[in-house]
Each structure stands twice: as structure tokens, then as C-alpha cells.
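Worksheet: one structure, shown below.
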Amino acid sequence: MPAAKPVLWIIVPCYNEEAVLPITAPLFRAELQELSDKGKIAASSRVLFVNDGSRDSTWQIIQDLSARDEHFLGMAQSRNRGHQNAVFAGLMEAKDHCDITISIDCDGQDDIHAMEAMVDAYHDGCEIVYGVRSHRDTDTWFKRTTAQGFYRFMSHMKVELIYNHADYRLASSRVLQVLAQYREVNLFLRGMFPLVGFKSTSVYYDRSSRLAGQSHYPLSHMIHLAVDGITSFSTEPMNIMVRCGGLTGLIGLIALIVNLVRLASVGEAAQFGVLVSLILFFAGLILTAVGVVGIYVGRTYMETKARPRYIISERTPALEKAEQKEAGEKDAGL
Ligand code: UDP
Ligand code: MG
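In case it helps, our numbering puts the sequence shown at residues -12 to 321.
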């Protein structure tokens, strides 16, 4: 049963965003006001900025915002841990204080006004609402092609993803309580939410260019995210390796039989060449297979360490107070 006027927390990860934060913070604030004026969310809704170990003045800006307006809250990670961990830290912080969260990047690329349709979907009974880009015209050709290749590849790898959905999404606190029970350290949130289940839907919006500042997602980061996504959610690469291994083994066996049969008629030198190329082929294949297994063993190793997924070093005063109150209520068994 959705709350009549849910308390919404907008979760905004920020890494070196001093150029764009002063532009987008008032836009988030205005959206909160509009939704609350329309009676769709509670007036006590908040924007929570998660500073992900920025090296510029981002944290200072967040502190100033929160000192000036109680609707802005801030928390800082102890160091840069990456986008996924920053969003996760914000969601875990928010889940005990609000009814719904909406995570969104701080650069204004995702249409902030799509939040209204997300909240409407919540009122219709959905607990997860995925923000989906209706087109990628504003992305560079390179970004568009690699991103689309990524979704296709992930679907081949049998990882369930919402096409063209990144991390702009609404999630109810009930969903987040369940998400907290997923213990993985290598986070890939857009793969985790579909696993949680509950009633969900998508809201389509136009994605624009960054309002200011620069992207932090170069190709190397995207490859890293893809490997995280595949290895955290799918053992398909191992299955493919087993199939390839079986197939090449069969080819090797046939080649061996052919060679044995033709031993009498073909010159020894020709046979030598065939054998060397076969050995090279198998060596390459075995190395690849061992590498794939190695990635999974490495992942397992990291997961068994069960290191903390985020470490909060600081909170703005209002958030600190809310946290202490929540902790006191938990202690009192309320
Ligand atoms: N971000 C973060 N930690 C990082 C890198 C990025 O919290 O290590 C944040 C960043 O401030 C932004 C969001 O993640 O709010 C998405 O980053 P960006 O806009 O650079 O990525 P792109 O939209 O180009 O994929
Ligand atoms: Mg961006």
C-alpha cells in the first residue's frame, strides 16, 4: 500500500562536480517543491548528495547548500569508491528515513521532470520505476555505439537488464531493505534491481548533454563496469568456454585422425606445420579459458573478504541528527 504523501529522498552521487552542482542543485530543489505543491510527496522530502571523495570543492558546496536550506542533505565517502558505491551508500543511508528514493546523476543529463511520472507510477503501486532514455541523440557516436553494444552483449551473457536504463530510478524503501540483504561487494545496481522483483515499470525521457563539467566514464571505466556486470550476474562465459573447449577438442581429434590417415601420402614438413598451428590454437584457447576461470576465482576471493561497500566519513549536521534519532529509535526497539 503506497504512502499517500510519500517522503522522497533524491540521491545524487557527486564526484568532482563543482562546475555543475551549483546549476543542478536548484533544479532538484525546484522539482521537490513542485511535487510537494501538487500533493504528490511530503513536504519533508529531501535531496541527499553523496560526495564520492571529490578532489575539488564539491563537498564544500554541498555543506554550504545544506547550511542554507534544510531540504539539502550531504554525506561524504571516506575516499573515491566509484559511482555504483556512491549511489548504494546514499540508498542505504536513505532507506530508514524515507518511503521512496530516486537516484539521479548530478550533471543534469537525465530529465529531472521525469520524476513526476516516476512518483505517479509509485502511487499506482509500482515499487521500482526505471528511468529509460528514449533516444541517445545527444551522446557521441562512440558512446552510443559502445553503450548499445554493451546492452546487447549483456543480454547474450544472460544478464537481465532494462535496455537504455542507467541509474536513474525510483525505489521504495521496502525494495531497498531487500537490496541491503544482497551481500556482494562488486556492485552493479542496474542488474540487482531486476533480481529484487516487486511491481515495476519504466518511464521514458530524453537524455540531454551534461549541463557543465566532464564525464568520468572513459572507455576503460565502461569496460570495467561491463566485466563487473557479467561476472557478478552470469556464469555464461564459463559455459561458453566449456562449449568452445569441447568443439576445439573435437576439431583436434578429427585433425589427428586425418593426419594419421594421410601420414603415408603427405610429406612430413606439411604435417609439421599443421601440428604447430593446432598446438598454437589450443594453447590460445586454454589460456583464454584459464583466464576466464581466473576472473571468477578473483571475484570469489574479493567477495569472501566481505569488505565494507562504503565508508561514510562525514555527514552534514541535519543528516547526522536524523541518523542519531533513527539509531536511538532502533535501540529503543521502536
Ligand atoms: N560519479 C561518482 N563517482 C565516480 C564517478 C562518477 O559519484 O567515481 C558520479 C558523477 O558525479 C555523476 C554520475 O556519477 O553524478 C555519473 O558520472 P558521469 O556523468 O561522469 O558519467 P556519464 O554520464 O558520462 O556516463
Ligand atoms: Mg553524466
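Cβ coordinates follow ideal geometry from the N, Cα and C atoms, glycine included.
With 6 Å as the limit between CB and the heavy atoms of the ligand MG, the residues that fall short of it are ASP92, ASP94, GLN96, ARG197, SER202.
When rounded, the separation of the alpha-carbon atoms in ILE244 and VAL280 is 30 Å.
In this structure, the straight-line span from the alpha carbon of CYS231 to that of THR133 is close to 26 Å. Spatial neighbours of GLN71 in its own chain (CB-CB distance under 7 Å, excluding positions within 5 residues in sequence) are listed in chain order as LEU174, PHE175, LEU176.
For GLU301, the enclosing beta strand (DSSP E) begins and ends at 299 to 302. Counting C-beta pairs with one atom in each stretch, the stretch 99 to 119 and the stretch 206 to 214 have fewer than three that are closer than 8 Å, which means they do not touch. Taking each of GLN20, ARG286, ILE91, PHE220 in turn and checking the Cα distance to VAL119, the smallest one comes out for ILE91. Around the beta carbon of TRP(-4), a 10 Å sphere encloses 16 or more other beta carbons of the protein chains shown; the residue is thus reported as buried. Within the chosen limit of 7 Å, the ligand UDP reaches the beta carbon of GLY69 through at least one heavy atom. Residue pairing from DSSP places TRP(-4) in a beta bridge opposite ARG33, THR88.
Taking PRO(-7) as reference, the option from ARG42, VAL74, CYS85, ALA76 with the minimal CA-CA separation is CYS85.
Here MET289 is exposed: its Cβ has fewer than 16 other Cβ atoms, across all protein chains shown, within 10 Å.
Of all C-beta pairs linking the stretch 114 to 130 to the stretch 176 to 196, three or more are shorter than 8 Å, placing the two stretches in contact. Using a Cβ distance threshold of 8 Å, VAL34 and LEU14 do not count as a contacting pair.
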